[in-house]
Amino acid sequence: MPTTRQALARIIDTCQPGTLVVCGRVAGEVGNHWCQHHGDSAMTRLDSGSPNDAFPLPQTQDLALITDTLEHLRHEQGEVLLGQLRNYGTHQIAVVVEANSPEWTFTDFIGLGFRRQAELEDETNPSILYTYNIDSYNHKRAWNNPDNWANPEMWGKAWW
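Here it is as structure tokens:
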């Protein structure tokens, strides 16, 4: 099992972000390392105690890394954070949450459109990595086209 730092480093290396949002200690360390070695990248740091105060973000970001945060927020605040990042803030999101967190379950993340990517080893508690990518979230469905529409002549003309 990879560590949180290793998993986030792989994600950031694969994504090659020009703009990055980080929230949490480990996310900040990984983000700082990336920005030090890629001078053309920019990083926005959210306060893990009140991350929702930063919204709306000044521009859409390429990647968000969230660690050590959701476990310390009320569940509603965490949902708002993930929803803001997903809907308005970033193209890709990586969230690490403690595996035994009573507040956050698999269905919470699935309901927000995230995918479970990996179980991680950490110093104290095992964690789980969830990711969201807007490019692969809503896959194209074969049935959603004019050929399978009830009135193909009306495709794209009327919205109700």
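Following the numbering used here, the numbering of the sequence shown begins with 3 at its first residue and continues without gaps.
Ideal Cβ positions, reconstructed from N, Cα and C, are used throughout, including at glycine.
Are the Cβ atoms of residue i and residue j separated by less than 8 Å?
i: Gln119; j: Gly91; result: no
i: Leu114; j: Leu84; result: yes
i: Pro19; j: Leu65; result: yes
i: Val97; j: Asp70; result: no
i: Val32; j: Arg12; result: no
i: Glu105; j: Asn127; result: no
i: Asn54; j: Gln79; result: yes
i: His77; j: Ile136; result: no
i: Ala163; j: Leu122; result: It is not possible to answer for residue 163, since the shown part of the chain is limited to 3 through 162.
Since I believe residue j is in contact with residue i (beta carbons under 8 Å), could you give me their beta-carbon distance rounded to a whole number of angstroms?
i: Ile95; j: Cys25; result: Wrong, their Cβ atoms sit about 10 Å apart, outside the cutoff.
Report the rounded CA-to-CA distance for residue i versus residue j, giving the unit in angstroms.
i: Leu22; j: Pro4; result: 22 Å
i: Glu155; j: Asp149; result: 10 Å
i: Asn102; j: Arg117; result: 18 Å
i: Phe111; j: Leu72; result: 12 Å
i: His40; j: Gln61; result: 19 Å
i: Asp42; j: Gly158; result: 41 Å
*Check whether the stretch 47–58 touches the stretch 122–137, taking contact to mean three or more Cβ pairs, one atom from each stretch, closer than 8 Å.*
no
_Runs of alpha helix (DSSP H) wholly within the stretch 44–95 (minimum 4 residues, chain order)_ = 77–86
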